[in-house]
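Read top to bottom, the protein sequences are chains A and B. Each step along the first sequence adds one to the number in the numbering used here, with nothing skipped, and position 316 is 316. Each step along the second sequence adds one to the number in the numbering used here, with nothing skipped, and position 173 is 173. Only one structure is covered here, and it is reproduced in the block below.
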Amino acid sequence: MPEIPPTQDSVIHARGLTKCFGAMTAVDGVDFDVAPGEAFGFLGPNGAGKTSTMRMIGAVSPVSAGTLTVFGLDPARQGARIRARLGVVPQADTLDNELTVMENLLIYGRYFGLPWNESRRRAKELLEFVQLTDRSNDQVEPLSGGMKRRLVIARALINEPALLLLDEPTTGLDPQARHLLWDRLYRLKQRGVTLCLTTHYMDEAEQLCDRLVVMDKAKIVAEGSPRQLIEQYVTREVLELRFNRDEGEVGGIAADDSAHIDHQLDGLAERIEQLPDRLLVYTADGDATAAAAFERGLRPASILVRRSTLEDVFLRLTGRSLVE
Amino acid sequence: MAAIASASSAPRLPLAAHPAFRILEHDLLVFRRRWHSYLLSGLTQPFLYLVSMGIGLGLYVNRSGGLPGGVPYLNYIAPALLVTQAMMAAAFESAWPIMSKINWEKTYLAALNTPIGATNLLAGDLMWIAFRAVLISVMFFAVILAFGAVSSPLAVLAVPVALLTALSFAAPIMAFTATQKTDQAFNMLFRFGITPLFLFSGTFFPIEKLPLFMQPLAWITPLYHGVALARGLSLGQVDAVGDLVHVAVLGAFAVAGVLAARITFRRRLEV
């Protein structure tokens, strides 16, 4: 992992950051820096320690060991001052079902010490921004999942935060709702808001993050831009091969076939990964590799050539799929 | 939008700017939506109790020799019922609604992401419960007045006594709520704790009529002290030492509850 120089103006600065719950270590000595205006991501499967890291950054969960500063402040002693400048979009919506859409924003603005009229002014503006103006006076309960998420984002922006923390912002949303949300986050980024998000969707990380760390089992296993990570850990393209599976076969490929296929692909690929339902062949040129394998007599049931993604990086680094 | 909020050091703020009041404000905003139902139940409950117990049951009590000093039964139980109703509401409010804010709707978690800390959540919601207790007591007192069941001007002191009694229940129950993962224990608490207290803390009959072994139990429960204090004052029977003891016991429960809740709230919410 490349060493990140500690900078004075890092928005978030973590060294050896650790979180323990009793005997369980949720975050095990991670190092990272987030620069102002950057979109920084934590990519990893459930239970990798992403949420625990976010909660420590959010100054709501005490650091067990190591150093952490947010805006140059210490979360243990200056938590309220850090939270005053943060926007947080938690995994669970935590909206107040006893209040209307507008009231949810109004009262949240009051929690940040805004005067009523200022809170109301910002709430109106934010409802416009997340396209919920026509639902202002509605109850929260009947809103769709995507609308609730947008409302939570509006709520997180009521204090005009310099840093927005988003924990799995689009989990459980349909594609249309996700794209709308990504668009809003992209606009925030353009306005100079620093974004820090966790996700287990590689497309989300690729869409939103300038830089990310891959987390697995409480540790950071790689760090870089999505493009850097793909260049460093996998080939440009992937050839996906599926074979007809017969009764009693495991992994779609009969054991004796497996050796045969390996032989047919020998020298054609940089690396081969066998998944339960398919074979991933890592190569610079998928079409050329497919043609060469066909030449040697390989007859898969289906062939797909695609660009490598962070999912492949994760598979390479951990030997496991991201979403299981 | 991205303007970095000024990070000036916190200046000395007036009391109303304290973060705990923001939580109270939230609760009042919710209350504003439902005030009519609070008003309706706040007036009908005392009416029904006073008619059935005070007048109905009172008819028999008064006829069969009555109470010492010729006190009408209605005047005897009215201040006790007032205190009990405030206590019941406080006990309820510090159980299920708090559990929801911690565990079900998790609105506390949203508030914790703002400068408001766990202790201010506790303080704010305790103030709300205090507000509710006062509201209930004032409405109850208005109904008592309407029934003409007041023997002394001191009777109005039943309202602050009810407030103190409500807090002496609310604070320890809030402390307990923050230790619970589900609401299962609340059913037990109410079935075997709150309801028996309501029945046996001297509300309907003097605890001297309880079996001897149960009397010390009544002394250590805060409700007995709230009821005895409110009743004594309402009947114009001031007993300086006894009354101070009552206040001290109620205060002790409230203070101990707050101290315990400060610990359990932080333990639960700041992990």
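Even glycine gets a Cβ: it sits at the ideal position worked out from N, Cα and C. It should be emphasised that the depicted structure is a prediction, and the values quoted were computed from it without experimental measurement.
- Among the bridge pairs identified by DSSP, Phe42/A is matched with Thr198/A, Val213/A.
- Excluding its 5 nearest sequence neighbours in each direction, Leu28/B has C-beta neighbours in its own chain below 8 angstroms: Trp128, Phe131, listed in chain order.
- With a cutoff of 9 angstroms on beta-carbon distance, Lys189/A and Gly29/A are scored as not near each other.
- Measuring C-alpha to C-alpha distances from Ala142/B to each of Gly42/B, Leu197/B, Thr221/B identifies Gly42/B as the nearest.
- Against chain A, the CB of Arg267/B has no partner CB under 9 angstroms away; the residue lies outside that interface.
- DSSP places Glu105/B outside both helix and strand once states are collapsed to three, so it counts as coil.
- Just so you know, the alpha carbons of Leu95/A and Val140/A end up roughly 7 angstroms apart.
- Between the segment 194-212 of chain A and the segment 292-307 of chain A, the count of Cβ pairs shorter than 8 angstroms is below three; the stretches do not touch.
- For a Cβ distance threshold of 7 angstroms, residue set Ser61 of chain A lies close to Val271/B, ordered along the chain.
- It is roughly 10 angstroms from the alpha-carbon of Asp134/A to the alpha-carbon of Val101/A.
- Nearest to Ala218/B by alpha-carbon distance, out of Ser234/B, Gly236/B, Arg231/B, Leu199/B, is Leu199/B.
- The DSSP-derived three-state label of Ser234/B is helix.
- Annotation for Thr67/A: Arg15 place their beta carbon closer than 6 angstroms to its own, counting only its chain and skipping 5 residues before and after.
- Nearest to Thr25/A by alpha-carbon distance, out of Asp33/A, Glu38/A, Ser52/A, Asp31/A, is Ser52/A.
- Taking every protein chain shown into account, the CB of Asn75/B has 16 or more other CB atoms within 10 angstroms, so this residue is buried.
- Ala118/B is not a Cβ neighbour of Gly257/B, given a cutoff of 9 angstroms.
- Counting C-beta pairs with one atom in each stretch, the segment 307-314 of chain A and the segment 220-237 of chain A have three or more that are closer than 8 angstroms, which means they touch.
- Following the DSSP letters along the chain, one finds Lys148/A inside the alpha helix (DSSP H) bounded by residues 145-156.
- One thing to note: Glu206/A has its Cβ no nearer than 9 angstroms to the Cβ of Thr170/A.
- Each residue's CA atom was taken as its position, placing Tyr201/A and Leu43/A some 8 angstroms apart.
- Excluding five sequence positions before and after Phe265/B, the CB atoms of its chain that fall closer than 6 angstroms to its own CB belong to Ala118, Leu122, Ala178, given in chain order.
- For Gly193/B, the closest alpha carbon among the candidates Leu210/B, Leu167/B, Leu223/B is that of Leu223/B.
- Under the Cβ criterion of 9 angstroms, Asp287/A is not counted among the residues facing chain B.
- In this structure, DSSP gives Phe204/B a state outside helix and strand, which the three-state scheme calls coil.
- Chain order gives the chain B residues near Ala80/A as Pro115, Gly117, where near means a beta carbon separation below 7 angstroms.
- As DSSP reads the structure, Ser302/A sits in a beta bridge with Arg242/A.
- DSSP places Ile220/B inside the alpha helix (DSSP H), whose first and last residues are 215-220.
- Gly251/B and Leu154/B have their C-alpha atoms roughly 20 angstroms apart.
- If you compare the alpha carbons of Met87/B, Gln45/B, Leu59/B with that of Met139/B, the shortest gap goes to Gln45/B.
- The segment 143-150 of chain B makes no contact with the segment 58-68 of chain B, as fewer than three CB pairs between them are under 8 angstroms.
- Look at Leu223/B: its C-beta is not under 9 angstroms from any C-beta on chain A.
- Cβ-Cβ separation between Ala162/A and Leu239/A: approximately 45 angstroms, too far for a contact (criterion under 8 angstroms).
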